[in-house]
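Chains R and D supply the protein sequences, listed in that same order. Remember, our numbering sits 1 above the position in the first sequence when you count from 1. Remember, our numbering sits 11 above the position in the second sequence when you count from 1. One structure is given below, encoded as structure tokens.
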Amino acid sequence: DTGVSQDPRHKITKRGQNVTFRCDPISEHNRLYWYRQTLGQGPEFLTYFQNEAQLEKSRLLSDRFSAERPKGSFSTLEIQRTEQGDSAMYLCASSLAGSQFAQETQYFGPGTRLLVL
Amino acid sequence: AQSVAQPEDQVNVAEGNPLTVKCTYSVSGNPYLFWYVQYPNRGLQFLLKYITGDNLVKGSYGFEAEFNKSQTSFHLKKPSALVSDSALYFCAVRESASKIIFGSGTRLSIRP
């Protein structure tokens with residue numbers, strides 16, 4: 002399967018613990034995105050990378066959140082000192098940057114569902 | 012800022028009947044619009060997009076969407092619904108080079 006993959010698919014943690022999620026984009030895609038989706042809502046943008054550079058971060062991404070894409074391939078999203086409000090589905094997407102960004106399609110992974118107790 | 016609205020939380024259709032899932036948009040400049048589908052416990056799957064050109068866009072699984080500039084709408088349609096089409100559908104608009112803004116979603120239920 003050459004789609005976007007995410008690991009783990011599910012994570013249950015206690016409040017105050019740190020968690021890390023991994024995303025592997027489609028192999029030739031140079032852009033990678035993280036979104037958060039809470040129950041009954043559409044996904045909300047968190048951050049995005051072009052190659053290894055993190056180019057934009059949403060105000061939703063508090064200081065407890067950090068994302069990396071060290072070699073321009075896979076990415077990790079870490080949440081420190083988790084809170085119950087962090088419970089959500091975390092989605093990763095990737096795309097291939099072209100000359101016109103409007104033409105790009107973002108392809109999503111299956112998501113990591115986080116439950117903070 | 013760009014935005015989309017999905018006025019219906021749920022749409023119920025009998026199998027074999029045509030379906031429409033509504034979406035309206037608000038943009039400054041040219042609209043770049045998308046439809047995604049989400050099955051239970053799955054990520055989003057791309058269905059189709061409107062960039063420019065023909066107002067009727069054809070996508071995956073027999074879905075199409077009609078772009079209407081005067082009504083600022085981008086409704087998703089299918090001539091004959093299948094039970095397997097039951098899922099959560101999201102309309103979205105590109106806000107920037109990086110960001111896509113999603114609607115709140117419409118749950119489509121197809122009864123046999």
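Glycine included, every Cβ here is placed at the ideal spot set by N, Cα and C.
query	result
8 angstroms contact criterion, which Val118/D and Asp20/D should meet: CB distance rounded	Checking the displayed sequence, the identity of residue 118/D turns out to be Arg instead of Val. Rounded, the Cβ-Cβ distance is 7 angstroms, consistent with contact.
Cβ pair count under 8 angstroms reaching 3, the region 45-57 of chain D against the region 98-112 of chain D	yes
Leu61/R and Arg37/R closer than 8 angstroms at C-beta	yes
For Ala16/D and Lys80/D, the rounded distance between their alpha carbons	15 angstroms
Interface partners of Arg122/D on chain R, CB under 7 angstroms	By Cβ distance, chain R contributes nothing, its closest Cβ being about 22 angstroms from Arg122/D, past 7 angstroms.
Span of the beta strand (DSSP E) around Tyr36/D	35-37
Sub-8 angstroms separation of Gln49/D and Leu55/D beta-carbons	yes
Where the region 51-64 of chain D meets chain R: residues whose CB sits under 9 angstroms from a CB there	Asn52, Arg53, Gly54, Leu55, Gln56, Phe57, Lys60, Ile62, Thr63
Cβ shell of Ala25/D (< 7 angstroms), same chain only, five flanking positions each side left out	Arg122
Whole-angstrom C-beta distance between Ile27/R and Gly41/R, which should lie under 8 angstroms	So it is not a contact: roughly 29 angstroms between Cβ atoms.
Gln81/R versus Asp64/R, Tyr91/R, Phe75/R, Ser6/R, residue with shortest Cα-Cα distance	Asp64/R
Partners in chain R for Lys110/D, counting only beta-carbon separations shorter than 9 angstroms	Tyr34, Phe46, Tyr49, Glu57, Ser59
Helix, strand or coil at Ser59/R [DSSP, three-state]	coil
Exposed unless 16 or more other CB atoms sit within 10 angstroms - verdict on Val94/D	exposed
Sequence-distant residues of its chain with Cβ nearer than 6 angstroms to Met90/R (five each side left out)	Gln38, Gly112, Arg114
Ranges of the beta strand (DSSP E) found wholly within the region 75-111 of chain D, counting only runs of at least 3	75-79, 84-89, 98-105
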